[in-house]
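Trainee: Could you have a look at this structure, given as C-alpha cells, before my questions?
Numbering (our numbering), first residue to last: 985 to 1275.
This is the structure in C-alpha cells:
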C-alpha cells in the first residue's frame, strides 16, 4: 500500500537545550500518498477531517523560547500516535498474526491506532494486509515515540522537571454537521483528571486562557489519551498536559483553510509559552539536575 514514507517527523530544537518545555503535535501530518488514498472510500479532503489541521503552524515559534518541538508528518488517519500500539481492531486485517491486542472503547468506536471509521462509514474498501500495517508501526509509530522518549530523557538529564505540552485541535461541529453551541469550550486542557501533571501548571494554563477571554474547560470532553498516560508522571518530574484548540478559532472547517484569526491564536499560544516559562522559572523548574 505504502512502500516508504518520505518523512516521518520533524524535530525542531535549539543547539543547546535551555528550557524544560517540550511541545508535540502528533496529529497535524498532512502528507497523503496517492497509493494510500486509493485504498480508502474517501478523497483526501474527507480524510483530512481526522487532522489537527495546522496545529504545527500554530506552535512553530518554539525556538523563540528554546523549546523542543516534535511534529508528526504522517496523517492521523493512517496511524494514530496518541493510542497504545496494541489498540488494534483485528477485523480490519488479513494475515494477522497472534499479536496480543487491547480491545478498548476507542477500538470499539473505530478509532484505534489504525482508524477504521470516518463517522459511521468504513475508511477502507476491504480488509487490509496486516503485514503492511505492522511495518507502519515499526517505521512510524515506534520511531516517533522513541524520538519523544529520548528528548524527554535528555531534557530530564538537564532539568529536575520537564513539561510536555501535547497540542491538538477539536471540531466545532458534531458528526451530523451541526455547529456546537456557545457553551462548547474553545480550549480544553487535559491532565487525565489530575494524574499526568502537577496541578499548579494546569491551573496556570486554564487561568491564563480565561484571562484572554476564552471559554476554557478542564478534562471535559477531552482529558487526554496515550501520550499523557505513557509519559506524564509528575512524581518522577515529568508533567504532561494536553491542549485542545477549537478549530473554528483559527480554521475554516468548510473551506479547509486558515481563517483571519489564525495569527491571533498563534500569538495567544506564544504568550502562553512565554508566561508559562516565567512561571516555571519562578517554581525552580529551570533548576539544573545534579551532575
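We put the beta carbon where it would ideally sit given N, CA and C, even for glycine.
From a predicted model like this one, the values you see are computed outputs, not experimental measurements.
Contact between the region 1023-1039 and the region 1156-1170 is defined here as three or more beta-carbon pairs at a separation below 8 Å; is this criterion met?
Mentor: no
Trainee: Using C-beta distances below 6 Å, list every residue in its chain close to residue 1247, excluding the 5 sequence neighbours before and after it, in chain order.
Mentor: none
Trainee: Pick from 1049, 1133 and 1013: whose alpha carbon is nearest that of residue 1033?
Mentor: Among 1049, 1133 and 1013, the Cα nearest to that of residue 1033 belongs to 1013.
Trainee: So for residue 1084, helix, strand or coil by DSSP?
Mentor: coil
Trainee: Buried or exposed: which applies to residue 1141, given that a residue is buried once 16 or more other Cβ atoms fall within 10 Å of its Cβ?
Mentor: exposed
Trainee: For residue 1183, report the span of its alpha helix (DSSP H) as first-last.
Mentor: 1183-1195
Trainee: Check whether the Cβ atoms of residue 992 and residue 1058 lie closer than 8 Å to each other.
Mentor: Residue 1058 sits close to residue 992, with the two beta carbons spaced by under 8 Å.
Trainee: Would you mind listing the alpha helix (DSSP H) stretches within the region 1003-1067 that are 4+ residues and don't spill past its ends, in chain order?
Mentor: 1018-1021, 1028-1031 and 1039-1042
Trainee: I'd like to know whether the C-beta atoms of residue 1055 and residue 1253 end up nearer to each other than 8 Å.
Mentor: no
Trainee: Going by DSSP in three states, residue 1172 sits in which element: helix, strand or coil?
Mentor: strand
Trainee: Would you tell me roughly how many angstroms separate the C-alpha atoms of residue 1224 and residue 1035, rounded to the nearest one?
Mentor: 21 Å
Trainee: If you count every other CB in all the chains shown that lies within 10 Å of the CB of residue 1073, and 16 or more means buried, which is it?
Mentor: buried
Trainee: Take residue 1256 and list the residues in its own chain whose beta-carbon comes closer than 8 Å to its own, dropping the five residues that flank it on each side.
Mentor: 1189, 1192 and 1193
Trainee: In this structure, does DSSP put residue 1217 in helix, strand or coil?
Mentor: Looking at residue 1217 - three-state DSSP - the assignment turns out to be strand.
Trainee: Whole angstroms are fine: how far does the CA of residue 1201 sit from the CA of residue 1208?
Mentor: 13 Å
Trainee: Quick check on residue 1242: does DSSP put it in helix, strand or coil?
Mentor: strand
Trainee: Please name the residue or residues paired with residue 1112 in a DSSP beta bridge.
Mentor: 1077
Trainee: Which value, in whole angstroms, describes the spacing of the CA atoms of residue 1236 and residue 1161?
Mentor: Roughly 14 Å between the two C-alpha positions.
Trainee: By the three-class DSSP mapping on this structure, what secondary structure does residue 1163 have?
Mentor: Of the three classes helix, strand and coil, the one that applies to residue 1163 here is strand, per DSSP.
Trainee: Within 8 Å, do at least three Cβ pairs link the region 1173-1183 to the region 1203-1222?
Mentor: yes
Trainee: In angstroms, rounded to a whole number, what distance separates the CA positions of residue 1021 and residue 1123?
Mentor: 19 Å
Trainee: If we count the other Cβ atoms within 10 Å of its Cβ and call it buried at 16 or more, is residue 1003 buried or exposed?
Mentor: buried
Trainee: Mind checking who residue 1236 pairs with in its DSSP beta bridge?
Mentor: 1241
Trainee: How many whole angstroms separate the CB atoms of residue 1294 and residue 1126, which I take to be in contact at a CB cut-off of 8 Å?
Mentor: It is not possible to answer for residue 1294, since the shown part of the chain is limited to 985 through 1275.
Trainee: Is the separation between the beta-carbon of residue 1115 and that of residue 1222 shorter than 8 Å?
Mentor: no
Trainee: Is DSSP giving residue 1267 helix, strand or coil here?
Mentor: Of the three classes helix, strand and coil, the one that applies to residue 1267 here is coil, per DSSP.
Trainee: Could you check the C-alpha separation between residue 1187 and residue 1244 for me, to the nearest Å?
Mentor: 29 Å
Trainee: My output table needs one value for residue 1104: the three-state DSSP class, helix, strand or coil.
Mentor: coil
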